[in-house]
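Everything in the sequence shown is counted per this note's numbering, starting at 21 for the first residue and increasing by one.
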Amino acid sequence: MERLQIIQGDITKCQTDAIVNAANTSLLGGGGVDGAIHRAAGSELLAECRTLGGCPTGEAKATKAYRLPCRYVIHTPGPIWRGGKAEEDRLLACSYRNSLAQASALGCKTVAFPSISTGVYHFPLHRAARIAIDTILEYLQAHHEIACVTMVCFDSVTLSAYQQALAETEQKHA
Ligand code: APR
Numbered sequence: 021m022e023r024l025q026i027i028q029g030d031i032t033k034c035q036t037d038a039i040v041n042a043a044n045t046s047l048l049g050g051g052g053v054d055g056a057i058h059r060a061a062g063s064e065l066l067a068e069c070r071t072l073g074g075c076p077t078g079e080a081k082a083t084k085a086y087r088l089p090c091r092y093v094i095h096t097p098g099p100i101w102r103g104g105k106a107e108e109d110r111l112l113a114c115s116y117r118n119s120l121a122q123a124s125a126l127g128c129k130t131v132a133f134p135s136i137s138t139g140v141y142h143f144p145l146h147r148a149a150r151i152a153i154d155t156i157l158e159y160l161q162a163h164h165e166i167a168c169v170t171m172v173c174f175d176s177v178t179l180s181a182y183q184q185a186l187a188e189t190e191q192k193h194a
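This is the structure we're talking about:
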């Protein structure tokens, strides 16, 4: 089995050990995938999030998953795109790396990610996809406790951007 898979789907249906939520720094819910995850998990998720005291951009905090079919939700606020000169690339890589570190710490073997920051936060899609793929592959090379990471793309445009980013990385390392 490939250790990095890219699919189109709805992350709230994923039965991986953990799913990652593209949150905001309050961790109190929102729209997009954040809203979908909170709706599917139920109100207990928000109740647990209220106890966390927020989360800085690029860092990650885990909660239980309640009514979701996974075991944990790992919440990470990605960076808001401000033109590319405010450490956005570095902070996006941190969101992926710190979420994976949380998953490892929780003993997760499988993790699903949405396309962090490329919705409401307007991070350019192809640039985000390259950062995501490179950061995930780098982590998987150093951490064999994670068996499989799945990028769950909500639409076909996002799917092809991540497939292209993976193909570009594979060509570079061929
Ligand atoms: N499953 C998988 N991906 C989804 C789902 C879903 N159910 N719903 C939306 N997405 C996708 C979007 O299509 C987009 O590709 O998640 C990606 C991230 O978009 P957003 O959810 O807008 O997240 P982001 O750009 O990181 O902005 C975060 O939005 O929802 C608020 O509270 C959140 O303030 C925070 C901000």
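Ideal Cβ positions, reconstructed from N, Cα and C, are used throughout, including at glycine.
Boundaries cannot be given for A80, as no alpha helix (DSSP H) includes it and DSSP labels it neither H nor E. In this structure, C90 lies near C34, with their beta-carbon atoms less than 8 Å apart. Taken in chain order, the whole beta strand (DSSP E) runs of length 3 or more contained in the stretch 57 to 129 are 81 to 84 and 92 to 97. Look at the beta carbons and you see the stretch 153 to 161 not touching the stretch 45 to 64: under three pairs across the two are nearer than 8 Å. Linking C114 to T36 through their CA atoms gives a straight-line distance of about 21 Å. Around the C-beta of D54, 16 or more other C-beta atoms lie within 10 Å, and the residue is accordingly described as buried.
Taking the CA atoms as reference points, I27 sits about 31 Å from L72. Taking every protein chain shown into account, the CB of P134 has 16 or more other CB atoms within 10 angstroms, so this residue is buried.
The C-alpha of M171 is placed about 9 Å away from the C-alpha of G29.
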